[in-house]
Amino acid sequence: MRDLKRVRIKVKGIVQGVGFRPTVYKHAINNGVFGFVMNTPEGVTIEAEGPSHLVDAFIKDVVESPPRISRVTDVDIKSIDPEGDLDFKIITSIAVGSKNVEISPDIAICKDCEREILDTKNRRYLYPFTNCTNCGPRFTIVKDRPYDRKNTSMSEFVMCSDCLSEYKDPLDRRFHAQPNACPKCGPKVFLLGKNKANKDPINETCKALIDGKLVGIKSLGGFNIACNALDNEVVERLRDKKKRGTKAFALMVKDIDTIRKYCWINEKEEKILLSRVAPIVLLKKKELSLDHISKDNNYLGVMLPYTPLHKILFRDLEVLVMTSANRADEPIATRDNEMSELMKEGFVDMVLSNDRDIINRCDDSIVQVVDGAVFVIRRARGLVPSGIRIKGTNDHNSMSMGADLKNTFALKKGHTVYLSQHIGDLEDQRNIDYQREQIEEFIRIIEVEPSFKNIDAHPNYANFNSSDKKVFHHHAHALSVMAENDLLGQEVLGIICDGTGYGTDGNIWGFEFLKVLKDYSKFERIFHLDYFALPGGDKASHELDRLAVSLTEHLGGIDIPGLSKKRADIIKALIRSDINCPMCSSLGRLFDGVACLCGISTIASYEAQAAIMLQKYAEGFKGQVREPYPSTIKANKVDYRPMIEKLVLDINSGVGKEELAYKFHLWVVDSIIEVINRTTPGKVAFSGGCFQNSLLVSMLNMRLKGYSNMDIYFNNDIPTNDAGISFGQSVI
Ligand code: ZN
Ligand code: ZN
Ligand code: FE
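Dropping the structure here:
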């Protein structure tokens, strides 16, 4: 044949354990080309030959139609000499996986598997561990590389002959699906502490939920506690046990139509809910619906059933609270003995467990959509351990330890950063242990030995040694957006609206305007919120009247709702004495103090509660602002005092809480705009925990529309809160 051509195609990324070779095989058969496909330590290598137009058509198919769940990061195509192959083969003898092959995150159940488990004639009818190369557990069952059944918690289950023949058939959807299983050979559900021969544990679980019981359910990355969300009594019982105050619970809802009964949902949100990540999505709730689930805000965190077990359960259910099984802030439970403890302590009445071990603990991911942009608030199930490629840095391998609250860590390997799942608050020793375990696990499955460590610059940072590199908290926030958007090496104005972090002058920073230089390891603080005292240090973030007194100190004595004169005097004395009274420029604390002055909240029982409530009030304001609060900049400081003065006047003249809250939001936006006008930056990177406030983001977006020669960036795939700190640190 005159026109004969042979190519070698090397594909990198998440290309193993995702049905890549069978897909290539089908493309080869369809196009009539010969050759082979195989896994290599680097990814997948394909050689194909035939008439050149057929080879070209084959290449097009491989590039444009890879398997739905693969993630190709690199394709390299070379022409080589034809060898005269007469068929197309999948070569399976070469060792699978190693060096640069990424382990896939867990994937929500696919349409094909869903059809099978609901088909009475299928051998997997109602089988809760059904999966295929397009879906099922991955990261949460992996112990080691390469990704092979023997290195997962499926190793103890021996495939039956039916499963094995699927596993070996290149044209089967389960070809090399490592967790492949069926009712005959795979894992089984059972009720903990009850006779394992119980005929129908799922049905009994369903009945208990309908009866108003609290039920532990083993999911992919840990146990959840579930209960009927429409039953206020059982929800209150759960709040009480978890010492949850009024903090919102996540929901699992049967399907999109059922979600529509309770929430407003747009096309983008629907798409994310139905995606293979299947995260919790924050949706605006319809008037008063399920208000007892999220009392402090206007949103509900909602996810769809994402495993076959959930699908089977939800045949007879509509809306469940689905929260992590743990006491207050400890890591999510993954083992039966932990659940037995929780059952003894009355957290759950019953536990639906199974005999497939969870290797890597992983909570649910949380996402919100604001003005069409996707914000990942918590990266966990479905997203971890995917690597994130960054440009403009060196290729050092490093470990970044993140922040103390909402901790994540990040492992950098060359130009790829692997951000860990949500670990939690490191105040709790169990979370410190969890972090340590996961670091070891990441080093093993990503196969990299970090050569140094990045840590927060706080002088009290525990266990550091001299080779560690210190990164300031808000610098790391700015770097997280910059790295995510390929801005490293350019001068960028980082605008950080945050809770607290240690600053270069030893004060506690939070509302910062940082010029990050071309050498991005350096920054200049060009503007910041003027300092106010935090009487009692950390105590001031729970007892908000301390902040209210501090913010109004310059006005002399004013009446603060719910605050006795005696207590006010003690707080004032504390400020004057300067004992345990650090200075801060935190926007988070300003939100808290303003919420207290407005009479919205005096005690915060969980992080950011007052700010969340302030947002809810502001969203309730329907009128027109006649006189906005003055945004005042003196020297390089945003002065809050003139705003506080006007706010107090408004309060005294009986202006409603909704309007007060809205005008405060507007003041924050005006202050940001004021600084932008003075500095005329070309690129602005917004980050920090306050941008979880979707109203603030929307108001800012609106005002920034007029700035056509300025580029604006937010965090999207990386959390804007402290869970993104380790990612920002990792570029140093
Ligand atoms: Zn499937
Ligand atoms: Zn089987
Ligand atoms: Fe922060």
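Numbering (our numbering), first residue to last: 13 to 744.
Backbone N, C-alpha and C define an ideal beta-carbon position, used for all residues, glycine too.
Remember, predicted model here, so these are calculated numbers, not experimental data.
From residue i to residue j, what distance separates their C-alpha atoms?
i: G109; j: P149; result: Per-residue confidence for G109 stands at a pLDDT of 44, beneath the threshold of 50, marking its modelled position as unreliable; the derived number appears in the next sentence. For G109 and P149, the distance between alpha carbons rounds to 17 Å.
i: V36; j: V49; result: 7 Å
i: L546; j: Q621; result: 18 Å
i: G257; j: K280; result: 32 Å
i: I102; j: A392; result: 33 Å
i: L325; j: I214; result: 7 Å
i: A107; j: N51; result: In this prediction, A107 has a pLDDT of 49, which is less than 50 and means its spatial position is unreliable; nothing more can be read from the coordinates.
i: D223; j: L250; result: 15 Å
i: G44; j: G62; result: 8 Å
i: V687; j: I508; result: 12 Å
i: L232; j: T319; result: 8 Å
i: S287; j: V27; result: 19 Å
i: L707; j: G635; result: 16 Å
i: D581; j: L575; result: 10 Å
i: G745; j: L226; result: Residue coverage of the chain in this structure runs from 13 to 744, which leaves residue 745 outside it and unanswerable.
i: Y473; j: H427; result: 27 Å
i: I378; j: T732; result: 12 Å
i: R745; j: D480; result: For the chain, the structure presents residues 13 to 744; residue 745 sits outside this window and is missing.
i: D445; j: D376; result: 20 Å
i: G701; j: R347; result: 32 Å
i: V460; j: E671; result: 53 Å
Nearest to residue i by alpha carbon, out of the options?
i: N372; options: I730, I457, V687, T85; result: I457
i: R339; options: I730, F326, H322, V360; result: V360
i: K283; options: K298, Y274, D267; result: D267
i: F739; options: N349, Y159, S306, S412; result: S412
i: R390; options: T614, L431, E353; result: L431
i: F235; options: I129, L321, N728; result: L321
i: E524; options: R288, D531, K530, G515; result: G515
i: V75; options: D88, I305, A673; result: D88
i: C608; options: D590, I570, P471, K717; result: I570
i: I271; options: V67, D243, L332; result: L332
i: P191; options: G205, L204, G605, S167; result: S167
i: D97; options: V19, K72, G29; result: V19
i: R157; options: E114, S410, V606; result: E114
i: P640; options: H434, T346, F676; result: F676
i: G31; options: A69, N143, E128, I92; result: N143
i: I402; options: V381, V388, K424; result: K424
i: N664; options: G501, L302, I572, N705; result: I572
By the 10 Å Cβ neighbour count, where 16 or more other Cβ atoms means buried, how is residue i classified, buried or exposed?
i: H487; result: buried
i: K230; result: buried
i: W521; result: buried
i: M264; result: buried
i: M714; result: exposed
i: P34; result: buried
i: S177; result: exposed
i: D471; result: At residue 471 the sequence reads Pro, which differs from the Asp that was named. Classification for P471: exposed.
i: W276; result: exposed
i: S116; result: buried
i: D124; result: exposed
i: R327; result: exposed
i: T692; result: exposed
i: T363; result: According to the sequence as given, residue 363 is Val; it is not Thr. The residue is buried, with at least 16 neighbouring Cβ atoms inside 10 Å.
i: S762; result: Outside the displayed span of the chain (13 to 744) sits residue 762, for which this structure offers no information.
i: N466; result: buried
i: E749; result: Residue 749 falls outside the range modelled here, since the chain spans only 13 to 744, and no answer is possible.
Is it the case that the CB of residue i approaches a heavy atom of ligand 5 more closely than 7 Å?
i: D124; result: Ligand 5 is not among the ligands present in this structure, which contains only ligand 1, ligand 2 and ligand 3.
Does chain D have any CB closer than 8 Å to the CB of residue i?
i: L546; result: The chain inventory of the structure shown lacks chain D, comprising one protein chain alone.
Fully enclosed by the region 528-613, which beta strand (DSSP E) runs are 3 residues long or longer?
Contiguous beta strand (DSSP E) elements confined to the region 528-613 occur at 535-541, taking only those with 3 or more residues.
Okay, do the region 284-294 and the region 311-322 touch, 3+ Cβ pairs below 8 Å being the bar?
For the pair of segments examined, the region 284-294 was found to touch the region 311-322: the number of CB pairs separated by less than 8 Å reaches three.
Quick one: complete beta strand (DSSP E) runs, 3+ long, within the region 179-226?
Listed in chain order, the beta strand (DSSP E) elements of length 3 or more contained wholly in the region 179-226 are 201-203.
At least 3 beta-carbon pairs within less than 8 Å: the region 560-568 vs the region 596-614
Touching, yes, given that three or more Cβ pairs across the two stretches are closer than 8 Å.
Any chance you could list the beta strand (DSSP E) runs of at least 3 consecutive residues sitting entirely within the region 64-111, in chain order?
Correct list: 83-92, 100-103.
With a cut-off of 8 Å, do at least 3 Cβ pairs link the region 133-141 to the region 182-198?
Three or more Cβ pairs closer than 8 Å define a contact, and the region 133-141 meets that threshold against the region 182-198.
Mind listing, in chain order, the continuous beta strand (DSSP E) runs of no fewer than 3 residues lying wholly within the region 633-677?
DSSP assignment within the region 633-677 yields the following whole beta strand (DSSP E) runs of 3 residues or more, N-terminal first: 644-646, 649-651.
Are the region 71-86 and the region 20-28 in contact at 8 Å, needing three or more beta carbon pairs?
Three or more beta-carbon pairs separated by less than 8 Å link the region 71-86 to the region 20-28, which places the two stretches in contact.
Does the region 407-424 come into contact with the region 435-443, if we say contact requires no fewer than three beta-carbon pairs (one atom in each stretch) closer than 8 Å?
Output reads yes: the region 435-443 touches the region 407-424.
Counting pairs of Cβ atoms below 8 Å between the region 238-258 and the region 389-404, do you hit three or more?
Per the Cβ contact rule, the region 238-258 is not in contact with the region 389-404 (fewer than 3 Cβ pairs under 8 Å).
Sequence ranges, beta strand (DSSP E) only - wholly within the region 221-306, length at least 3:
Taking only runs of at least 3 residues, the beta strand (DSSP E) segments lying wholly in the region 221-306 are 227-230, 235-240, 262-265, 292-296.
Is the number of C-beta pairs between the region 627-636 and the region 532-547 that are closer than 8 Å three or more?
Output reads no: the region 532-547 does not touch the region 627-636.
Beta strand (DSSP E) runs contained entirely in the region 319-395, provided each spans 3 or more residues
Counting only runs of 3 or more, we get 331-336, 362-366, 378-382, 385-390.
Within the region 717-743, note down every full alpha helix (DSSP H) run reaching 4 residues or more, in order along the chain.
If only uninterrupted alpha helix (DSSP H) runs of at least 4 residues are considered, those enclosed by the region 717-743 are 737-741.
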